[in-house]
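Quick note, the sequence shown lines up with residues 1 to 337 if you use UniProt numbering. All C-beta atoms, glycine included, are put in the ideal place defined by N, C-alpha and C.
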Amino acid sequence: MPTKAKRWVLASRPEGKPTAENFRLDDMTLPDIGEHEILIRTEFHSVDPGMRGRLSGDSYTAALPVGETIDSAMVGVVEASNNEKFKVGDRVTGGFGWVTHAVSNGRGVQVLAPEMFHGALRPTAAIGVLGIPGLTSYFGLLELGQPKEGDTVLISSAAGPVGATAGQIAKMKGCRVVGIAGSKEKCDYVKGLGFDACFSYRGADLRAAIKEHCPDGVDIYFDNVGAEMLDAAILNMKEHGRIVVSGQVSEYNRAEDELVGIRNVTRFITHRLRMEGLVVFDYFKRFREAQAEMAGWIHEGKLQYTEDVSEGIEGSAAAFIGLFEGENLGRRLIEVS
(Lines of atoms letter the chains of each structure in order from A and count residues from 1; the text may use other names and numbers.)
(Lines give C-alpha, C1' and ligand atoms only; values in the text may rest on other atoms or scores of the structure.)
Protein backbone atom coordinates (compact mmCIF):
# COMPACT_ATOMS: atom_id res chain seq x y z
CA MET A 1 0.00 0.00 0.00
CA PRO A 2 1.15 3.62 -0.53
CA THR A 3 3.43 5.10 2.14
CA LYS A 4 2.79 8.44 3.85
CA ALA A 5 6.02 10.42 4.07
CA LYS A 6 7.48 13.88 4.68
CA ARG A 7 10.24 15.82 2.97
CA TRP A 8 11.91 19.21 3.29
CA VAL A 9 12.09 21.27 0.10
CA LEU A 10 13.78 24.53 -0.88
CA ALA A 11 11.02 27.15 -0.66
CA SER A 12 13.14 30.13 -1.77
CA ARG A 13 16.79 30.96 -2.35
CA PRO A 14 18.59 32.42 0.69
CA GLU A 15 20.07 35.88 0.54
CA GLY A 16 22.75 35.95 3.19
CA LYS A 17 22.24 33.53 6.06
CA PRO A 18 19.51 30.93 5.50
CA THR A 19 16.26 31.48 7.40
CA ALA A 20 13.27 29.28 8.20
CA GLU A 21 11.34 30.91 5.33
CA ASN A 22 13.76 29.36 2.82
CA PHE A 23 12.55 25.85 3.68
CA ARG A 24 9.20 24.03 3.69
CA LEU A 25 8.17 20.66 5.16
CA ASP A 26 5.80 18.89 2.76
CA ASP A 27 3.67 15.79 3.11
CA MET A 28 3.85 13.28 0.28
CA THR A 29 2.56 9.84 -0.62
CA LEU A 30 4.93 7.30 -2.11
CA PRO A 31 3.41 4.69 -4.46
CA ASP A 32 3.87 0.98 -4.00
CA ILE A 33 7.32 -0.11 -5.12
CA GLY A 34 7.68 -1.40 -8.66
CA GLU A 35 9.89 -4.01 -10.24
CA HIS A 36 13.51 -3.90 -8.95
CA GLU A 37 12.61 -1.14 -6.45
CA ILE A 38 13.00 -0.87 -2.69
CA LEU A 39 11.33 1.22 0.02
CA ILE A 40 13.70 2.74 2.58
CA ARG A 41 12.70 4.20 5.94
CA THR A 42 15.15 6.90 7.00
CA GLU A 43 16.75 6.48 10.42
CA PHE A 44 19.20 9.40 10.21
CA HIS A 45 20.01 12.10 7.70
CA SER A 46 23.00 14.43 7.65
CA VAL A 47 23.03 18.22 7.90
CA ASP A 48 25.83 19.64 5.77
CA PRO A 49 27.18 23.23 5.64
CA GLY A 50 28.54 22.55 2.15
CA MET A 51 24.94 22.35 0.93
CA ARG A 52 24.70 26.14 1.35
CA GLY A 53 26.26 26.81 -2.06
CA ARG A 54 23.69 24.71 -3.90
CA LEU A 55 20.83 26.63 -2.30
CA SER A 56 22.03 29.81 -4.03
CA GLY A 57 23.51 28.17 -7.10
CA ASP A 58 27.10 29.04 -6.13
CA SER A 59 28.66 25.57 -6.06
CA TYR A 60 30.78 23.16 -8.07
CA THR A 61 27.59 21.09 -8.47
CA ALA A 62 24.28 22.15 -10.02
CA ALA A 63 22.01 24.53 -8.13
CA LEU A 64 19.14 22.89 -6.28
CA PRO A 65 15.87 23.93 -7.98
CA VAL A 66 13.29 25.69 -5.82
CA GLY A 67 10.70 23.13 -4.77
CA GLU A 68 13.13 20.21 -4.79
CA THR A 69 14.09 18.03 -1.82
CA ILE A 70 17.08 19.25 0.21
CA ASP A 71 20.03 16.96 -0.50
CA SER A 72 21.85 14.98 2.16
CA ALA A 73 23.19 11.55 2.98
CA MET A 74 21.06 9.15 4.99
CA VAL A 75 21.12 5.86 6.84
CA GLY A 76 17.96 3.81 6.68
CA VAL A 77 16.34 0.39 6.73
CA VAL A 78 14.82 -1.46 3.78
CA GLU A 79 11.12 -1.96 4.56
CA ALA A 80 10.04 -3.53 1.26
CA SER A 81 12.04 -4.96 -1.62
CA ASN A 82 11.49 -6.14 -5.18
CA ASN A 83 15.24 -6.05 -5.79
CA GLU A 84 17.28 -9.21 -5.32
CA LYS A 85 20.28 -7.18 -4.14
CA PHE A 86 18.42 -5.97 -1.04
CA LYS A 87 16.38 -7.78 1.58
CA VAL A 88 13.91 -6.41 4.10
CA GLY A 89 15.78 -5.33 7.21
CA ASP A 90 19.02 -4.40 5.44
CA ARG A 91 20.56 -1.23 6.84
CA VAL A 92 21.64 0.94 3.92
CA THR A 93 23.04 4.35 3.07
CA GLY A 94 22.27 6.62 0.13
CA GLY A 95 21.74 10.21 -0.89
CA PHE A 96 17.99 10.74 -0.64
CA GLY A 97 17.91 13.99 1.33
CA TRP A 98 15.77 15.30 4.14
CA VAL A 99 13.00 12.69 3.85
CA THR A 100 11.27 10.16 6.09
CA HIS A 101 11.04 7.53 3.33
CA ALA A 102 12.45 6.98 -0.15
CA VAL A 103 11.80 4.66 -3.09
CA SER A 104 14.86 3.61 -5.10
CA ASN A 105 15.92 1.22 -7.83
CA GLY A 106 19.02 0.54 -5.75
CA ARG A 107 21.42 2.69 -7.73
CA GLY A 108 23.77 4.51 -5.35
CA VAL A 109 22.47 2.54 -2.35
CA GLN A 110 24.98 0.57 -0.26
CA VAL A 111 24.26 -2.10 2.32
CA LEU A 112 26.20 -1.46 5.54
CA ALA A 113 28.25 -4.53 6.39
CA PRO A 114 27.50 -5.67 9.97
CA GLU A 115 31.07 -6.96 10.31
CA MET A 116 32.35 -3.38 9.87
CA PHE A 117 29.71 -1.43 11.78
CA HIS A 118 29.83 -2.73 15.32
CA GLY A 119 31.20 -1.65 18.67
CA ALA A 120 32.70 1.85 18.48
CA LEU A 121 31.77 2.14 14.80
CA ARG A 122 28.06 3.00 14.73
CA PRO A 123 26.03 2.79 11.48
CA THR A 124 25.78 6.59 11.40
CA ALA A 125 29.55 6.70 10.86
CA ALA A 126 28.78 5.79 7.24
CA ILE A 127 27.52 9.36 6.70
CA GLY A 128 30.02 10.98 9.05
CA VAL A 129 33.55 9.91 9.85
CA LEU A 130 33.48 7.31 7.04
CA GLY A 131 31.35 9.53 4.81
CA ILE A 132 32.08 12.81 3.07
CA PRO A 133 33.32 14.69 6.19
CA GLY A 134 35.83 12.01 7.16
CA LEU A 135 36.95 11.43 3.58
CA THR A 136 37.47 15.18 3.22
CA SER A 137 39.74 15.10 6.28
CA TYR A 138 41.63 12.06 5.04
CA PHE A 139 42.36 13.14 1.48
CA GLY A 140 42.68 16.83 2.29
CA LEU A 141 45.34 16.26 4.90
CA LEU A 142 47.21 13.31 3.42
CA GLU A 143 47.07 14.15 -0.30
CA LEU A 144 47.10 17.96 -0.31
CA GLY A 145 48.70 18.70 3.07
CA GLN A 146 51.31 15.93 2.80
CA PRO A 147 52.21 15.97 6.51
CA LYS A 148 55.67 15.03 7.72
CA GLU A 149 56.70 14.11 11.23
CA GLY A 150 57.38 17.28 13.22
CA ASP A 151 55.18 19.54 11.06
CA THR A 152 52.95 22.10 12.75
CA VAL A 153 49.36 21.74 11.53
CA LEU A 154 46.78 24.49 12.16
CA ILE A 155 43.10 23.60 11.73
CA SER A 156 40.14 25.99 11.72
CA SER A 157 36.65 24.86 12.76
CA ALA A 158 38.56 22.25 14.71
CA ALA A 159 35.54 20.93 16.62
CA GLY A 160 33.59 20.19 13.45
CA PRO A 161 33.59 16.71 11.90
CA VAL A 162 36.19 17.58 9.24
CA GLY A 163 38.56 19.50 11.49
CA ALA A 164 38.42 17.05 14.39
CA THR A 165 39.20 14.09 12.14
CA ALA A 166 41.96 15.89 10.25
CA GLY A 167 43.63 16.82 13.53
CA GLN A 168 43.64 13.27 14.81
CA ILE A 169 45.10 11.96 11.55
CA ALA A 170 47.80 14.63 11.74
CA LYS A 171 48.68 13.46 15.26
CA MET A 172 49.01 9.89 13.96
CA LYS A 173 51.54 11.22 11.45
CA GLY A 174 53.67 12.74 14.20
CA CYS A 175 52.62 16.38 13.79
CA ARG A 176 52.03 19.10 16.34
CA VAL A 177 48.37 20.11 15.94
CA VAL A 178 46.74 23.41 16.91
CA GLY A 179 43.00 23.99 16.60
CA ILE A 180 40.89 27.12 16.24
CA ALA A 181 37.32 26.84 17.54
CA GLY A 182 34.45 29.02 18.74
CA SER A 183 34.46 28.45 22.50
CA LYS A 184 36.40 27.09 25.46
CA GLU A 185 34.07 24.07 25.48
CA LYS A 186 34.98 23.26 21.89
CA CYS A 187 38.68 23.76 22.59
CA ASP A 188 38.47 21.42 25.57
CA TYR A 189 36.81 18.88 23.28
CA VAL A 190 39.53 18.94 20.62
CA LYS A 191 42.31 18.86 23.21
CA GLY A 192 40.60 15.74 24.54
CA LEU A 193 41.03 14.27 21.06
CA GLY A 194 44.78 14.80 21.30
CA PHE A 195 45.28 18.27 19.80
CA ASP A 196 48.33 19.92 21.36
CA ALA A 197 46.63 23.30 21.71
CA CYS A 198 43.48 25.19 20.78
CA PHE A 199 42.21 28.76 21.06
CA SER A 200 38.87 30.48 20.54
CA TYR A 201 38.66 32.94 17.67
CA ARG A 202 35.97 35.00 19.40
CA GLY A 203 37.42 38.39 20.29
CA ALA A 204 40.92 37.27 19.37
CA ASP A 205 43.58 39.07 17.36
CA LEU A 206 43.86 36.13 14.98
CA ARG A 207 47.34 36.87 13.66
CA ALA A 208 48.73 37.29 17.18
CA ALA A 209 46.87 34.26 18.55
CA ILE A 210 48.21 32.00 15.80
CA LYS A 211 51.71 33.37 16.39
CA GLU A 212 51.39 32.66 20.11
CA HIS A 213 50.30 29.06 19.60
CA CYS A 214 52.55 28.38 16.58
CA PRO A 215 55.69 30.40 17.45
CA ASP A 216 57.83 28.63 14.84
CA GLY A 217 55.23 29.05 12.11
CA VAL A 218 52.68 26.80 10.40
CA ASP A 219 53.58 24.06 7.93
CA ILE A 220 50.01 23.06 7.03
CA TYR A 221 46.86 25.13 7.41
CA PHE A 222 43.67 23.09 7.00
CA ASP A 223 41.13 25.79 6.17
CA ASN A 224 37.43 25.27 6.82
CA VAL A 225 36.55 28.93 7.38
CA GLY A 226 38.23 31.34 4.95
CA ALA A 227 38.10 35.16 5.12
CA GLU A 228 40.01 36.92 7.91
CA MET A 229 41.08 33.65 9.51
CA LEU A 230 42.69 32.49 6.28
CA ASP A 231 44.53 35.79 5.91
CA ALA A 232 45.85 35.56 9.48
CA ALA A 233 47.05 32.02 8.86
CA ILE A 234 48.84 33.05 5.65
CA LEU A 235 50.88 35.59 7.63
CA ASN A 236 52.05 32.79 9.95
CA MET A 237 52.97 30.20 7.31
CA LYS A 238 56.51 28.82 7.11
CA GLU A 239 58.41 28.62 3.86
CA HIS A 240 56.97 25.97 1.53
CA GLY A 241 53.84 25.81 3.68
CA ARG A 242 50.71 24.09 2.36
CA ILE A 243 47.18 25.46 2.67
CA VAL A 244 44.32 23.00 2.17
CA VAL A 245 41.07 24.80 1.29
CA SER A 246 38.38 22.42 2.50
CA GLY A 247 35.56 24.87 3.22
CA GLN A 248 34.72 28.56 3.53
CA VAL A 249 31.95 28.59 6.10
CA SER A 250 32.43 32.30 6.91
CA GLU A 251 31.97 33.21 3.23
CA TYR A 252 29.01 31.00 2.27
CA ASN A 253 26.37 33.51 3.36
CA ARG A 254 28.03 36.66 2.00
CA ALA A 255 26.96 38.37 -1.19
CA GLU A 256 29.57 38.44 -3.96
CA ASP A 257 30.46 42.07 -3.27
CA GLU A 258 30.88 41.30 0.46
CA LEU A 259 33.40 38.46 0.11
CA VAL A 260 36.61 39.08 2.04
CA GLY A 261 38.97 37.13 -0.20
CA ILE A 262 42.74 37.01 0.26
CA ARG A 263 44.80 40.14 0.86
CA ASN A 264 48.22 38.76 1.80
CA VAL A 265 49.18 37.41 -1.63
CA THR A 266 52.81 38.58 -1.42
CA ARG A 267 53.45 35.97 1.26
CA PHE A 268 52.89 33.27 -1.37
CA ILE A 269 55.90 34.61 -3.26
CA THR A 270 58.24 35.33 -0.38
CA HIS A 271 57.50 32.04 1.41
CA ARG A 272 56.85 29.87 -1.66
CA LEU A 273 53.45 28.81 -0.33
CA ARG A 274 51.06 26.41 -2.01
CA MET A 275 47.28 26.62 -1.64
CA GLU A 276 44.91 24.09 -3.21
CA GLY A 277 41.17 23.57 -3.05
CA LEU A 278 39.68 20.17 -2.32
CA VAL A 279 36.71 18.49 -4.00
CA VAL A 280 36.67 15.12 -2.28
CA PHE A 281 34.86 13.38 -5.14
CA ASP A 282 38.09 13.67 -7.14
CA TYR A 283 39.22 10.73 -5.00
CA PHE A 284 36.05 8.66 -5.46
CA LYS A 285 37.92 5.57 -6.70
CA ARG A 286 39.89 5.49 -3.44
CA PHE A 287 36.96 5.94 -1.04
CA ARG A 288 36.81 2.27 -0.01
CA GLU A 289 40.55 2.20 0.68
CA ALA A 290 40.28 5.26 2.94
CA GLN A 291 37.14 3.99 4.69
CA ALA A 292 38.78 0.67 5.48
CA GLU A 293 41.83 2.38 6.99
CA MET A 294 39.77 4.80 9.07
CA ALA A 295 37.45 2.01 10.27
CA GLY A 296 40.54 0.17 11.47
CA TRP A 297 41.73 3.24 13.35
CA ILE A 298 38.34 3.56 15.07
CA HIS A 299 38.25 -0.10 16.13
CA GLU A 300 41.83 0.27 17.42
CA GLY A 301 40.86 3.35 19.46
CA LYS A 302 43.13 5.67 17.48
CA LEU A 303 40.36 7.78 15.92
CA GLN A 304 37.40 9.19 17.83
CA TYR A 305 34.29 10.88 16.46
CA THR A 306 31.35 12.76 17.91
CA GLU A 307 27.82 13.12 16.59
CA ASP A 308 25.51 16.04 17.37
CA VAL A 309 22.07 14.45 17.00
CA SER A 310 18.68 16.20 17.02
CA GLU A 311 15.44 14.20 17.09
CA GLY A 312 12.65 14.56 14.56
CA ILE A 313 12.63 15.59 10.92
CA GLU A 314 10.66 18.69 11.89
CA GLY A 315 13.94 20.17 13.19
CA SER A 316 16.03 19.66 10.05
CA ALA A 317 15.92 23.25 8.80
CA ALA A 318 16.67 24.73 12.23
CA ALA A 319 19.61 22.35 12.61
CA PHE A 320 21.00 23.49 9.24
CA ILE A 321 20.58 27.18 10.08
CA GLY A 322 22.34 26.59 13.41
CA LEU A 323 25.47 25.33 11.65
CA PHE A 324 26.22 28.91 10.61
CA GLU A 325 25.92 30.08 14.22
CA GLY A 326 28.52 27.54 15.36
CA GLU A 327 26.02 25.48 17.34
CA ASN A 328 27.28 22.02 16.46
CA LEU A 329 29.94 19.96 18.18
CA GLY A 330 30.92 17.16 15.80
CA ARG A 331 28.83 15.76 12.95
CA ARG A 332 25.29 17.16 12.91
CA LEU A 333 22.60 14.55 12.25
CA ILE A 334 18.82 14.32 12.43
CA GLU A 335 17.35 11.17 13.95
CA VAL A 336 14.24 10.68 11.85
CA SER A 337 12.99 7.35 13.22
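Less than 8 Å between the C-beta atoms of residue i and residue j, yes or no?
i, j, result
"S157", "G163", "yes"
"V260", "E228", "yes"
"V225", "F139", "no"
"residue 350", "T69", "What the structure shows of the chain is the stretch from 1 to 337, and residue 350 is not part of that stretch, so it cannot be assessed."
"F320", "L135", "no"
"D308", "L333", "yes"
"R207", "G182", "no"
"G145", "V244", "yes"
"L141", "F268", "no"
"C175", "V153", "yes"
"Q304", "L193", "yes"
"L230", "P49", "no"
"T165", "V129", "yes"
"A209", "F195", "no"
"V77", "K87", "no"
"I234", "A120", "no"
Classify residue i as helix, strand or coil using the three-state DSSP reduction.
i, result
"M51", "helix"
"H240", "strand"
"G179", "strand"
"K191", "helix"
"R7", "strand"
"V249", "coil"
"S46", "strand"
"D231", "helix"
"A197", "strand"
"E212", "helix"
"R13", "coil"
"R24", "strand"
"E35", "coil"
"T29", "strand"
"R207", "helix"
So, under 8 Å CB-CB, residue i and residue j are touching, yes? Tell me the CB distance rounded to an integer number of Å.
i, j, result
"M237", "H213", "So it is not a contact: roughly 14 Å between Cβ atoms."
"A295", "M172", "Not a contact, Cβ separation roughly 14 Å."
"L64", "L10", "5 Å"
"A159", "L329", "6 Å"
"E43", "S337", "6 Å"
Quick one: does residue i have its CB under 8 Å from some CB of chain C?
i, result
"Y252", "In the displayed structure, chain C is absent; only one protein chain is listed."
* **Inter-stretch contact (C-beta, 8 Å, three-pair minimum) for the segment 102–113 and the segment 35–50** => yes
* To do: Tell me the start and end of each unbroken beta strand (DSSP E) in the segment 67–133 that is at least 3 residues and wholly inside, in chain order.
  => 74–81, 91–94 and 101–104
* Asked: If you scan the segment 253–333 from start to end, which runs of the alpha helix (DSSP H) of 4 or more residues do you find wholly inside it?
  -> 266–270, 287–299 and 316–323
* Between the segment 88–95 and the segment 71–78, are three or more C-beta pairs nearer than 8 Å? -> yes
* Hey, is the segment 249–256 in contact with the segment 205–220, meaning 3+ C-beta pairs nearer than 8 Å? -> no
* To do: May I have a chain-ordered list of the alpha helix (DSSP H) segments no shorter than 4 residues that lie completely inside the segment 149–174?
  => 161–172
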